[in-house]
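Step one of this worksheet: look at the structure below.
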DNA sequence: GTCTATACGTCGATAGAC
DNA sequence: GTCTATCGACGTATAGAC
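Chains as they are written, first to last, in my numbering: chain A, 2 to 213; chain B, 2 to 213.
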């Protein structure tokens, strides 16, 4: 659990404030990991962290932004960040991510709640979080998929960006289904998707006919 | 907690009460269809319906149960109920459902919020709603898929229940992606899934080699 | 700059009057 | 059966202590 926090902080915040903010954030992450995303009131988090609820708004502006920060920082801390090999399929990445999420179910709860908030009107911070997350993920996955289509690893008769959106949607949806009911065939569904994506319609990786 | 009538209302309610409840429910559905799932406080709904918020809890027990009732009744009213032909693929059903949902975006918001609530602890009504919905949908879809695998319409090398979970997850996830960003390739992703499910690995529906 | 103390308006829920 | 009254908890905003 190393902690290389060289995160670029906006504007002229000073070391003391940044450190304190990070300290509060780390503690909040622990709270979420332990107790799930229940008790997610400003006052409850504040008392767990050891400050008053006003201090949280001082550093994070609003509950919504605090929750977003917690989610983002949790993902970073979990080492969810990328050194995946080029041959790892998108579905493989999903499985990896789902496995770490399974160990900290509170984060999936939190994620689901953030998405629901983003869908409502009048929550610009949550909306921007969700929109940029999906856009970035789709872009990342699509280019990876396109490369794997070119190498024949993934079938070439489906558009890369559509497959990216599909894989993300399936990952999100299956996690919630599994969280609600252990009997949901999450792993089998991912395996099926993996199988169906296999480069069955393409030749050996010799010809450059992959995409389209 | 210590409330003795934790159980939902038994079927012994009288005609007058039932009619009034339905009246309130219908009005609440209109409110959601018009204004989305914002302003979803008991007081806001009550004032739109023309009663006080205490009256709503009298008929529905809690805000959570009212929201569930609104969602369920909206689905029924939309004619989302099934007379789909046996040849309609699961993905086709998703597209159909997504099209009606697109006309009433408030319902997707509401659905997403209900799922997020169900994932938290201490919300048994929402949890039961979500769990039974997914279980029923998976069961329905799986048997339909198995039949179409036997007839060669869907490839037979993937387990029917896994495909069912996958299709539901993809449908849910793609709808939220699209709702957040019109540029999300919802339709293309569904088309890709449809294509990949096609019975490419199976022969003509003569031999009984289809499923498993 | 940090943080506490305090206050405001709204929320879901409940008790009791009519 | 429906209202009024009230409760505790919530998110937010602000004043001022360090």
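No residue lacks a Cβ here, since even glycine has one placed at the ideal position from N, Cα and C.
I need the boundaries of the alpha helix (DSSP H) containing residue i, first residue and last residue.
i: residue 124 of chain A; result: Here residue 124 of chain A belongs to no alpha helix (DSSP H), and DSSP marks it neither H nor E.
i: residue 40 of chain B; result: Element bounds for residue 40 of chain B: n/a, residue is neither H nor E.
i: residue 185 of chain A; result: Where residue 185 of chain A is concerned, there is no enclosing alpha helix (DSSP H), given that its DSSP letter is neither H nor E.
i: residue 58 of chain B; result: 54-61
Mind listing the chain A neighbours of residue i? Cutoff is C-beta to C-beta under 8 angstroms, in chain order.
i: residue 158 of chain B; result: 196
i: residue 182 of chain B; result: 132, 135, 136
DSSP three-state label for residue i, please.
i: residue 211 of chain A; result: Only weak support is given to the placement of residue 211 of chain A: the predicted model assigns it a pLDDT of 42, under 50, and the question is left unresolved by the model.
i: residue 156 of chain B; result: coil
i: residue 89 of chain A; result: coil
i: residue 174 of chain B; result: helix
i: residue 113 of chain B; result: helix
i: residue 105 of chain A; result: coil
i: residue 7 of chain B; result: Since pLDDT at residue 7 of chain B reaches only 40, below the 50 mark, its modelled position is unreliable, and the value read off the structure follows with that caveat. Residue 7 of chain B falls in the coil class under three-state DSSP.
i: residue 51 of chain A; result: coil
i: residue 193 of chain B; result: helix
Give me, in chain order, the residues of the same chain whose beta-carbon lies closer than 7 angstroms to that of residue i; leave out the 5 immediate sequence neighbours on both sides.
i: residue 114 of chain A; result: 38
i: residue 195 of chain A; result: 90, 92
i: residue 106 of chain A; result: 37, 180
i: residue 145 of chain A; result: 91
i: residue 139 of chain B; result: 162, 165, 166, 169
i: residue 60 of chain A; result: 22, 25
i: residue 193 of chain B; result: none
i: residue 47 of chain A; result: 53, 54, 56, 57
Residues of chain A with a CB under 7 angstroms from the CB of residue i: which are they?
i: residue 121 of chain B; result: 38, 39, 110
i: residue 162 of chain B; result: 186
i: residue 177 of chain B; result: 116, 120
According to DSSP, which residues form a beta bridge with residue i?
i: residue 199 of chain A; result: A/155
List the residues of chain B that residue i touches, going by C-beta distances under 7 angstroms, in chain order.
i: residue 174 of chain A; result: 169, 170, 171, 173, 174
i: residue 189 of chain A; result: 160, 163
Applying a beta-carbon distance threshold of less than 9 angstroms, which residues of chain B neighbour residue i?
i: residue 65 of chain A; result: In chain order: nothing, as chain B lies at least about 14 angstroms away.
i: residue 114 of chain A; result: 114, 117, 118, 120, 121
If the cut is a Cβ gap below 8 angstroms, which residues of chain B does residue i touch?
i: residue 193 of chain A; result: 159, 160, 163, 164, 167
Grab me the residues of residue i's own chain with a C-beta within less than 8 angstroms of its C-beta, minus the 5 sequence neighbours each way, in chain order.
i: residue 71 of chain A; result: 26, 29, 30, 33, 111
i: residue 185 of chain B; result: 175, 178, 179
i: residue 43 of chain A; result: 54, 57, 58, 64, 67
i: residue 52 of chain B; result: 25
By Cβ distance, which residues of its chain are closer than 6 angstroms to residue i, with the 5 residues on each side in sequence left out?
i: residue 164 of chain B; result: 146
i: residue 198 of chain B; result: 155
i: residue 49 of chain A; result: 32
i: residue 119 of chain B; result: 127, 128, 131
i: residue 116 of chain B; result: 131
i: residue 96 of chain A; result: 191
i: residue 172 of chain A; result: 95
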